[in-house]
Amino acid sequence: MGPPPSPSHPPPSSPPSEPLSCSERGSQYWVTDESTTLDYSVCASAQPLGKGSSCSGLVTYDDAVALCSSVSARLCNKQELIENAAYGSGCRLDDDPVWTSDACGTGSREVAPPSAQEYWLAHPSSRDVCAMESTTAANAVCCSTG
């Protein structure tokens, strides 16, 4: 007899093995932009804990990752921000810097606003948007796919 079956979704305190899909979220606090040219569906939220929750505020990279992991999500990547997949995701962050999952050097990540399409066109070099994970504070916007 083997071990008991594991729950389909881990409790929020444990890191997810696989992020929840957009269709599993079913919340008004997750936006989906179907106009992207990404080859997958993505949804985003700056208020991933749902109704009554606060925005992340300025946090370190590790805190942003922890917030997204706590809701079985992940930080959005650079390409998703370029495609404006996180635009309108809440907390009035469309023009504020948010963490991405993209590394741009040892201990550094790229930051950009959710309305990043115009921003990235103006700043194509990642050195213009590279931030130290441990000493820089930016906002968190979480993404899921599917």
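Numbered per this note's numbering, the sequence shown spans residues 6 to 151. We treat Cβ as the ideally placed atom computed from N, Cα and C, and that holds for glycine.
Here Thr105 is buried, its C-beta having at least 16 other C-beta atoms within 10 Å. Comparing alpha carbon positions, the residue from Tyr45, Met137, Gly62 and Leu43 closest to Gln52 is Gly62. In the three-state DSSP reduction, Ser58 falls in the coil class, being neither helix nor strand. A distance below 6 Å between beta-carbons, with the five flanking residues on each side excluded, links Val76 to the following residues of its chain, in chain order: Pro53.
Following the DSSP letters along the chain, one finds Arg114 inside the beta strand (DSSP E) bounded by residues Ser113 to Ala117. Rounded to whole angstroms, the separation of the alpha carbons of Leu43 and Cys96 is 24 Å. Pairing Ser113 with Cys27 gives a Cβ-Cβ distance that is not under 8 Å. Membership of Asp107 in the beta strand (DSSP E) is indicated by the continuous run Val103 to Gly110. DSSP places Cys27 inside the alpha helix (DSSP H), whose first and last residues are Cys27 to Arg30. The Cβ atoms of Cys109 and Cys135 sit closer than 8 Å to each other.
Annotated as proximal: Val64 and Ala145, with beta-carbon spacing under 8 Å. Here Asp100 is exposed. Its C-beta has fewer than 16 other C-beta atoms within 10 Å.
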